[in-house]
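Asker: Just so we're on the same page, the numbering used here is the position in the sequence shown counted from 1, plus 1455. The beta-carbon is built from N, C-alpha and C at its ideal position, and this holds for glycine as well. Predicted model only: the values in this text are computed from it and were never measured. Got a structure here, written out as structure tokens. Questions coming.
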Amino acid sequence: MRRTLAFIYLFLAVFTLAVNVWNENLEKEYKSSFLYFLEQANTDEKSSGYGLVRDRYPGNSTIASIASTGFGLSAIAIGVKEGWITKQEGEKRVIGTLNTLLKLDNFYGFFYHFLDINTGKRAWNSEISTIDTAILICGVLTAGKYFGGQAWELAKKLYERINWNKMVNPVKNYFYMAYYPEKGFQGYWDFYAEQLMLYILGAGTPNEKYKIDDTIYYSFKRNYGSYKTEKFIHSWFGSLFTYQYSHAWIDFRNYVDKFGVNWYTNSVLASMANYYFCQDNKEKYKSFTIGWGVTACDTPNGYNGLLGTPPSGNNNTVHQIDGTLAPSGALGSIVFTPKESLWALDNYYKMPQLVGKYGLKDSFNLDLNWFATDYIGIDKGITLLMIANYKDEFIWKIFMSISYINDGLKKLGFSYKS
1456 MRRTLAFIYL
1466 FLAVFTLAVN
1476 VWNENLEKEY
1486 KSSFLYFLEQ
1496 ANTDEKSSGY
1506 GLVRDRYPGN
1516 STIASIASTG
1526 FGLSAIAIGV
1536 KEGWITKQEG
1546 EKRVIGTLNT
1556 LLKLDNFYGF
1566 FYHFLDINTG
1576 KRAWNSEIST
1586 IDTAILICGV
1596 LTAGKYFGGQ
1606 AWELAKKLYE
1616 RINWNKMVNP
1626 VKNYFYMAYY
1636 PEKGFQGYWD
1646 FYAEQLMLYI
1656 LGAGTPNEKY
1666 KIDDTIYYSF
1676 KRNYGSYKTE
1686 KFIHSWFGSL
1696 FTYQYSHAWI
1706 DFRNYVDKFG
1716 VNWYTNSVLA
1726 SMANYYFCQD
1736 NKEKYKSFTI
1746 GWGVTACDTP
1756 NGYNGLLGTP
1766 PSGNNNTVHQ
1776 IDGTLAPSGA
1786 LGSIVFTPKE
1796 SLWALDNYYK
1806 MPQLVGKYGL
1816 KDSFNLDLNW
1826 FATDYIGIDK
1836 GITLLMIANY
1846 KDEFIWKIFM
1856 SISYINDGLK
1866 KLGFSYKS
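What follows is the structure, given as structure tokens:
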């Protein structure tokens, strides 16, 4: 029965993408999310931080996020394609941003997580981050490929200089999560999460000395669990973004690895598990009556990256629930669960406290009558890119046309199944 349900939901996801269901709220959220990246970037051409995108708005006005900047570069391509800005405007922004990135402090091509938006210097003693660099590079390659010419040459330079092996533990065969100049390497990507892009980027580089071995991809733990679904490989905290981020650029729908894993199907099942959990707990948490998608976001008690639903950890005890929902949870899964995501979107737009200049704000908690005041760049980013892919596979088509990505998939043993 569970396997039958998984097939039905996978079929519905693909079918809904094909028929392209669209409505006014989706168009509004799409364009408003783009505006975040257009307006919340450093546009001072004389600044050392030109093109860097704010981590959040209106909070922390001087802090940029390297991941937000990656989403922002992809956003510029979307804006040109949709006619919201001209190609000349977009190309100028992208080339300027890529030149900024080439001048920033880095560690073998990897970047600091947070930067001063005006100077481009490290902020908050933040870490050199593997995953945030990977998100940035996905955006770099997307924008470079879309605009071509000088933009593509700069994008290649940024990508090809990264020595991926410098951020791999050679004994454990895990990517490190971070490097601090003051204390060295910290944390491992030893469990499934949002890091799939790391392996494909690391395996696809043309520099053989920098290229990772496929054993690194096949070394991280793959724990299976379920919640009213067929079993799937789950992340540690069950936070929904972990099943989304790599899929914003990489179209896994027709690819399986040497273990027979299809990561797209995996994310369909994970998204449905999150939806089912919220539906089953709507009498306990008022927010779950009108939405779903428990994921990392702002909460009444500050930002919480541990919010998620089962399955989680080794025994379903590590995820956290406080009744807070982020619109990016459901919307970041729109390519996996179109019907359920559109249902949530329409409900969210009925709450004026949640809607502002850049569309839906970061999060809300109806039990406490609390609504976030900020927009967070990465949350608007996953929303924007997944809506673009849902609409016409725009980002997927660009990214999957890049030879580096196809080389990376091949190196890791992925095979294409039509």
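#1: Hey, how far is the Cα of P1636 from the Cα of G1642?
#2: Taking only three categories from DSSP, how would you classify Q1699?
#3: Could you check the C-alpha separation between R1457 and G1757 for me, to the nearest Å?
#4: Residues in its own chain within less than 6 Å of L1481 by CB, not counting five upstream and five downstream?
#5: Here's a check: name, in chain order, each residue in its chain whose Cβ is nearer than 7 Å to the Cβ of G1863, leaving out the five neighbours to either side.
#6: Give the straight-line distance between the Cα atoms of A1751 and N1820, rounded to the nearest whole angstrom.
#7: State the Cα-Cα distance for the pair S1690 and S1767, rounded to the nearest angstrom.
#8: Terminal residues of the continuous alpha helix (DSSP H) containing Y1719?
#9: Work out the CA separation of D1560 and K1576 for me, nearest whole Å.
#10: Can you grab the Cα-Cα spacing for the pair T1838 / L1786, in whole Å?
#11: Out of E1544, Y1634 and V1549, state which residue places its alpha-carbon closest to the alpha-carbon of D1587.
#12: Let's test the definition: count the other Cβ atoms within 10 Å of the Cβ of V1810 and tell me whether it reaches 16, buried, or not, exposed.
#13: Per DSSP, N1820 is paired with what?
#14: Can you say whether D1847 is buried or exposed, counting buried as having 16 or more other CB atoms within 10 angstroms of its CB?
#15: Beta-carbon separation of I1533 and L1570 under 8 Å?
#16: Would you mind listing the alpha helix (DSSP H) stretches within the stretch 1548-1623 that are 4+ residues and don't spill past its ends, in chain order?
#17: Report the residue from A1843, G1604, V1595 and E1582 whose alpha carbon sits nearest the alpha carbon of Q1543.
#18: Can you tell me whether DSSP reads Y1803 as helix, strand or coil?
#19: Select from G1814, T1792 and K1638 the residue whose C-alpha is nearest the C-alpha of D1829.
#20: Thinking C-beta only, is L1651 closer than 8 Å to S1701?
#21: I'd like to know whether the C-beta atoms of F1849 and K1536 end up nearer to each other than 8 Å.
#22: How many angstroms separate the CA atom of G1545 from the CA atom of L1507?
#23: Can you give the Cα-Cα distance for S1516 and R1509, rounded to whole angstroms?
Answerer: Straight from the coordinates:
#1: As a first step, residue 1636 must be located in the sequence shown, where it is residue number 181. As a first step, residue 1642 must be located in the sequence shown, where it is residue number 187. Using only the alpha carbons, I get a separation of about 14 Å.
#2: Position 244 of the sequence shown, counted from the start, is the residue given in the question as residue 1699. Coil, per DSSP.
#3: The count along the sequence shown starts at 1 and reaches residue 1457 at position 2. The count along the sequence shown starts at 1 and reaches residue 1757 at position 302. Here the model assigns R1457 a pLDDT of 47, short of 50, so the residue's position is not dependable and the matter cannot be decided.
#4: Position 26 of the sequence shown, counting from 1, holds the residue named residue 1481. Same-chain partners within the cutoff: there are none.
#5: Against the sequence shown, residue 1863 aligns to sequence position 408. Taken in chain order, the residues that qualify are I1655, L1656, A1658 and G1659.
#6: In the sequence shown, residue 1751 corresponds to position 296, counting from 1. In the sequence shown, residue 1820 corresponds to position 365, counting from 1. The straight-line gap from Cα to Cα measures roughly 13 Å.
#7: Your numbering for residue 1690 matches position 235 in the sequence shown. Your numbering for residue 1767 matches position 312 in the sequence shown. S1690 and S1767: Cα-Cα distance of roughly 6 Å.
#8: Taking the sequence shown and counting its residues from 1, the one referred to as residue 1719 is at position 264. Per DSSP, Y1719 belongs to the alpha helix (DSSP H) from W1718 to D1735.
#9: Here residue 1576 is taken as the residue at index 121 of the sequence shown, counted from 1. Here residue 1560 is taken as the residue at index 105 of the sequence shown, counted from 1. Whole-angstrom Cα-Cα distance: 7 Å.
#10: Mapped onto the sequence shown, residue 1838 falls at position 383. Mapped onto the sequence shown, residue 1786 falls at position 331. Going from the Cα of T1838 to the Cα of L1786 covers about 6 Å.
#11: Within the sequence shown, the letter at position 132 stands for residue 1587. Cα-wise, what sits closest to D1587 is Y1634.
#12: For the purposes of this step, residue 1810 is taken as the residue at position 355 of the sequence shown. Classification of V1810: buried, given that the 10 Å Cβ count is 16 or more.
#13: One-based indexing of the sequence shown puts residue 1820 at position 365. Looking at the DSSP assignment, N1820 forms a beta bridge with W1825.
#14: Locating residue 1847 in the sequence shown gives position 392, counting from the first residue. Per the 10 Å Cβ criterion, exposed.
#15: Taking the first residue of the sequence shown as position 1, residue 1533 is located at position 78. Taking the first residue of the sequence shown as position 1, residue 1570 is located at position 115. No; because the gap between Cβ atoms is not below 8 Å, this pair is not in contact.
#16: 1585-1602 and 1604-1615
#17: By one-based count along the sequence shown, residue 1543 stands at place 88. Considering only alpha carbons, the answer is G1604.
#18: Stepping through the sequence shown from its first residue, residue 1803 is reached at position 348. If DSSP states are grouped into helix, strand and coil, Y1803 belongs with the helices.
#19: Numbered from its first residue, the sequence shown carries residue 1829 at position 374. That would be G1814, whose Cα lies nearest to the Cα of D1829.
#20: In the sequence shown, the residue the question calls residue 1701 occupies position 246. In the sequence shown, the residue the question calls residue 1651 occupies position 196. Going by C-beta atoms, S1701 is nearer than 8 Å to L1651.
#21: Residue mapping note: residue 1849 aligns to position 394 of the sequence shown, counting from 1. Residue mapping note: residue 1536 aligns to position 81 of the sequence shown, counting from 1. Against a cut-off of 8 Å, the Cβ pair of K1536 and F1849 comes out as a contact.
#22: The residue given as residue 1545 occupies position 90 in the sequence shown. The residue given as residue 1507 occupies position 52 in the sequence shown. Approximately 14 Å, taken between the alpha carbons.
#23: Translated into positions along the sequence shown, residue 1516 becomes position 61. Translated into positions along the sequence shown, residue 1509 becomes position 54. The straight-line gap from Cα to Cα measures roughly 7 Å.
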